[in-house]
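K.L.:
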Amino acid sequence: MKYCELCNNETLEEATFCKICGFNSKANTFENPDRLRLYYKSLCSKDHYHWSKRLYLIERIMELLRYEQCDVVKLLSISKSNVSQCLTLLSHLKENHELEDFESMTSAFNAAKGTLKPVDYEKDLQKYIYREWENTVFAEEWYIYNKNHLFGKFKAGEAGEIDLLAHHRRKNKWLIIELKREKSSDRTVGQTLRYMGWVKDNLAEQDDEVNGIIISRTYDKNIELSLKCIPSIKLYIYNRLDHNLLQFIPPEEAEIFEAKQLLSRLSSEQIESLKKRFSR
Ligand SMILES: [Zn+2]
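Take my numbering: the last position of the sequence shown gets the number 285, and nothing is skipped along the way.
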């Protein structure tokens, strides 16, 4: 087995061209450009591959075949702006590897240009909270403890990586913020407790208080149950506001918030008829 010079996938030793991308490394050409187009297309289906793979493929094509951007446009039959966007992002990516953390190429591109919209962060909630910290409900009492890392993640040794670590502005208190994403409720709670223990052992002074917040997209009954006996951890849910900002709401306010949202969508006639119905 050897690796294809162009796509870096495994290819047969005796094959004249790569079965995956169609590149013939001896002749330095493509046996069948359609194969390459198909391969490129498959890289664009984000479920299977990280978006950066596309950028590196374009780079390799340009290097190996000494192609200009316009040649790549023809070869892959994609738009010129698409190619130049990929190359711009690639140069940013080489300087800042953390851009790879973004789940979508668009978000990474906007982040690189510094024009990231809060809405881009919905999938990247951790980064959103970090960047918009001063506008969140947490900022009044807490500040982000370690600002050295680009997006505020905190390396907690063998315990793992804390999504966000904050310290109280006036008191000797620590706050671990953990985001519940695709993890299960039990794992999220367990992880938060582990980080709290790590901070207690490694950062906190003897009398420091260590608290936790779990942020979830939706109200989570299981987390709430788990937290009944752990008062130092609170559950927040988040909601997207009209102007693309996220709002963080403690569970006791979540229900009222949702009712208010619902009411705001009703006409005054609908509200009147509701009032009548309930006053009966
Ligand atoms: Zn190949």
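Even glycine gets a Cβ: it sits at the ideal position worked out from N, Cα and C.
If you reduce the DSSP assignment to three classes, tell me which class Tyr-241 lands in.
P.N.:
Numbered from 1 along the sequence shown, position 236 holds the residue referred to as residue 241. DSSP places Tyr-241 in strand when its eight states are reduced to three.
K.L.:
Let's see if you can read the secondary structure: which residues bound the alpha helix (DSSP H) around His-97?
P.N.:
Taking the sequence shown and counting its residues from 1, one reaches residue 97 at position 92. It spans 85 to 100 - the alpha helix (DSSP H) in which His-97 sits, taken as one unbroken run.
K.L.:
Is Ile-167 near ligand 1, in the sense that its beta carbon is under 7 angstroms from a heavy atom of that ligand?
P.N.:
For this step, residue 167 is matched to residue 162 along the sequence shown. Outside the cutoff, so no.
K.L.:
Can you tell me where the beta strand (DSSP E) holding Gln-196 begins and where it ends?
P.N.:
Residue mapping note: residue 196 aligns to position 191 of the sequence shown, counting from 1. Where Gln-196 is concerned, there is no enclosing beta strand (DSSP E), although the alpha helix (DSSP H) it sits in stretches over 190 to 207.
K.L.:
What did DSSP end up calling Asn-13 once you bin it into helix, strand or coil?
P.N.:
Sequence index remark: in the sequence shown, residue 13 carries index 8 (1-based). Of the three classes helix, strand and coil, the one that applies to Asn-13 here is coil, per DSSP.
K.L.:
Can you check DSSP and say which residues form a bridge with Tyr-148?
P.N.:
On the sequence shown, residue 148 is found 143 positions in, with the first residue counted as 1. Beta-bridge pairing links Tyr-148 to His-172.
K.L.:
Regarding Phe-35 and ligand 1, is the C-beta to nearest heavy atom distance less than 7 angstroms?
P.N.:
Position 30 of the sequence shown holds residue 35. Flag unset: Cβ of Phe-35 not near ligand 1.
K.L.:
Quick check on the DSSP output: the beta strand (DSSP E) that includes Val-215 runs from which residue to which?
P.N.:
Within the sequence shown, numbered from 1, the residue matching residue 215 stands at position 210. Taken as a continuous stretch (DSSP letters only), the beta strand (DSSP E) holding Val-215 covers 214 to 221.
K.L.:
Is the segment 102 to 113 touching the segment 65 to 81 in the sense that three or more CB pairs, one from each, lie closer than 8 angstroms?
P.N.:
no
K.L.:
Go ahead and label Tyr-200 buried or exposed: buried means 16 or more other beta carbons lie within 10 angstroms of its beta carbon, across all protein chains shown.
P.N.:
By one-based count along the sequence shown, residue 200 stands at place 195. Here Tyr-200 is buried, its C-beta having at least 16 other C-beta atoms within 10 Å.
K.L.:
Report the partner residues of Trp-138 according to the DSSP bridge assignment.
P.N.:
As a first step, residue 138 must be located in the sequence shown, where it is residue number 133. Answer is none; Trp-138 lacks a bridge partner.
K.L.:
Using CA coordinates, which residue listed in Arg-186, Lys-265, Ile-219 is at the minimum distance from Leu-246?
P.N.:
As a working note, residue 246 is residue 241 in the sequence shown. Nearest C-alpha to Leu-246: Lys-265.
K.L.:
Which one or two residues does DSSP pair with Thr-21 in a beta bridge?
P.N.:
Within the sequence shown, numbered from 1, the residue matching residue 21 stands at position 16. Thr-21 pairs with nothing; no bridge assigned.
K.L.:
Between Asn-14 and ligand 1, is there a pair consisting of the residue's CB and a ligand heavy atom that are separated by less than 7 angstroms?
P.N.:
As a position in the sequence shown, residue 14 is number 9, starting the count at 1. Asn-14 Cβ: within cutoff of ligand 1.
K.L.:
Select from Leu-230, Glu-257, Asn-216, Leu-232 the residue whose C-alpha is nearest the C-alpha of Tyr-243.
P.N.:
In the sequence shown, counting from the first residue as 1, residue 243 sits at position 238. Looking at the Cα atoms, Glu-257 is the closest of the given residues.
K.L.:
Mind checking whether Glu-10 and Phe-28 have CB atoms under 8 angstroms apart?
P.N.:
By one-based count along the sequence shown, residue 10 stands at place 5. By one-based count along the sequence shown, residue 28 stands at place 23. Yes, the pair counts as a contact, with Cβ atoms nearer than the cut-off.
K.L.:
Hey, would you say the C-beta of Ile-149 is under 7 angstroms away from at least one heavy atom of ligand 1?
P.N.:
Counted from its first residue, the sequence shown places residue 149 at position 144. No - ligand 1 has no heavy atom lying nearer than 7 angstroms to the Cβ of Ile-149.
K.L.:
On the DSSP bridge list, what partners appear for Trp-179?
P.N.:
Here the question's residue 179 lines up with position 174 in the sequence shown. Per DSSP, His-172, Val-215.
K.L.:
Along the beta strand (DSSP E) that carries Ile-254, what are the first and last residues, could you check?
P.N.:
The residue you call residue 254 lines up with position 249 of the sequence shown. For Ile-254, the enclosing beta strand (DSSP E) stretches over residues 251 to 254.
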